[in-house]
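Residue numbers (the numbering used here): 14 to 481.
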């Protein structure tokens, strides 16, 4: 047993003793007084009843102590509901009212505050944020609503009715939050709002809140753009599509000096009714259901079937870095490479990861092994996230693909940044690559800058490889 659990039991036992001793004393005094004054007239039932009273008093005291610890419904710091109680409460309200809205309010920089100013100041910020939020809502005549702390700097508010009633209030609150400071500590807030027109499942509602927030954090607050498929149906469709290998695959050619050098594969999952699911809608579901390895293996095997020994072009596949680091995926990949020797230097994995993998030495060792066996490696989203730049610095790779931001406008500042990255890449013998080229002007500018691989609708549209 862990030390905290052991200490907690010790603490509860001592507390029970301190609370129980006065009661035991009173019961014993009462019994003793009765024995002294009425000893001659006492029957056997008195002794039995005395023992029962003592046993039940002991049981009752310990039950109160232990059960009291388990039924805490608010946090001592923020005064908000605990996550467990909030979920329990909201599920009842949604089942009862049906028309219900959830609002997510997050302190985006709470991790930075904890690191820079200390955990105590971080706790103070969360406490002041909860007070500020309650005062703001009260000023809008919103009272007696469930308010809970989900995790880190994230709070959820539940309100009766649909989101149209509260969207304006939410937007004004996020604008007003720019003025929020706690002891000269800057507090950055973002939010999201949705309601039960999306789903009646609380778990899906809260997950959707975080998805909305992630998509719209730069815009402070945006309401949900609901999907046509409910989240429970989406999960079911994804499971069925992966299990039945129901998907559509298309390709788009990548050019080097106007010559086809690679073809990138794009995958859409297919539902039983024939509807196609785009990657944006199913990728998070694959992660949640732990199906990413199965999906990547499915796409890889299908691509290998399409890759003939006489083909000159390289097959470029978007593979999850978590799959690359998975033993089962690596084992099956190596078996496929061993059985298809012509695949050497014909398969490229495009890797994109938002969070930096701390065991980078192990990651580097895996990629180096794959490169020795003929798998080419590209890092995506260069110039958009610090993770991609760190991987460019620390991993041995074959190509880098820049974020699409650099091809939308391609002004002088962007061109200068691209030239800096190109200089780094050439020094390490890494090929440079951009996508979403949609005009001759952008193509010519990129060629002058020195980009080697080019891709986009202007150069070539998507072509069907496999229909699910």
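Beta carbons are placed, not taken as given, at the ideal position from N, Cα and C, and that holds for glycine.
Starting from residue i, follow the beta strand (DSSP E) in both directions and report where the run begins and ends.
{"i": "residue 266", "result": "260 to 269"}
{"i": "residue 300", "result": "First-last for residue 300: 292 to 301, but that is the alpha helix (DSSP H), not the beta strand (DSSP E)."}
{"i": "residue 510", "result": "No information on residue 510 is available, as it lies outside the stretch 14 to 481 that the chain covers here."}
Start and end of the alpha helix (DSSP H) containing residue i?
{"i": "residue 448", "result": "No alpha helix (DSSP H) contains residue 448, which DSSP labels as neither H nor E."}
{"i": "residue 104", "result": "96 to 110"}
{"i": "residue 161", "result": "Element bounds for residue 161: not the alpha helix (DSSP H) but the beta strand (DSSP E), 160 to 164."}
{"i": "residue 207", "result": "Careful: residue 207 lies outside any alpha helix (DSSP H), inside the beta strand (DSSP E) at 202 to 208."}
{"i": "residue 117", "result": "It is not in any alpha helix (DSSP H) - residue 117 instead sits in the beta strand (DSSP E) that spans 113 to 120."}
{"i": "residue 377", "result": "373 to 385"}
{"i": "residue 435", "result": "425 to 440"}
{"i": "residue 406", "result": "399 to 407"}
Residue i by DSSP, collapsed to three states: which one?
{"i": "residue 51", "result": "helix"}
{"i": "residue 128", "result": "helix"}
{"i": "residue 257", "result": "helix"}
{"i": "residue 331", "result": "strand"}
{"i": "residue 136", "result": "helix"}
{"i": "residue 454", "result": "helix"}
{"i": "residue 474", "result": "coil"}
{"i": "residue 182", "result": "helix"}
{"i": "residue 336", "result": "helix"}
{"i": "residue 414", "result": "strand"}
{"i": "residue 304", "result": "coil"}
{"i": "residue 286", "result": "coil"}
{"i": "residue 93", "result": "coil"}
{"i": "residue 198", "result": "strand"}
{"i": "residue 211", "result": "coil"}
{"i": "residue 370", "result": "coil"}
Shortest alpha-carbon distance to residue i belongs to which of the options?
{"i": "residue 208", "options": "355, 326 and 116", "result": "116"}
{"i": "residue 168", "options": "127, 196, 219 and 156", "result": "219"}
{"i": "residue 380", "options": "390, 371 and 57", "result": "390"}
{"i": "residue 291", "options": "301, 300, 280 and 299", "result": "280"}
{"i": "residue 301", "options": "331, 414, 216 and 338", "result": "216"}
{"i": "residue 42", "options": "253, 57, 63 and 58", "result": "63"}
{"i": "residue 275", "options": "430, 412 and 453", "result": "412"}
When burial is assigned at 16 or more other CB atoms within 10 Å of the CB, is residue i buried or exposed?
{"i": "residue 211", "result": "buried"}
{"i": "residue 35", "result": "exposed"}
{"i": "residue 312", "result": "buried"}
{"i": "residue 148", "result": "exposed"}
{"i": "residue 355", "result": "exposed"}
{"i": "residue 72", "result": "exposed"}
{"i": "residue 285", "result": "exposed"}
{"i": "residue 234", "result": "With a pLDDT of 47 at residue 234, under the threshold of 50, the modelled position of this residue cannot be trusted; read the value that follows with caution. Under this definition residue 234 is a buried residue."}
{"i": "residue 194", "result": "exposed"}
{"i": "residue 162", "result": "buried"}
{"i": "residue 245", "result": "exposed"}
Tell me, which residues are paired with residue i by DSSP?
{"i": "residue 391", "result": "363 and 412"}
{"i": "residue 466", "result": "446"}
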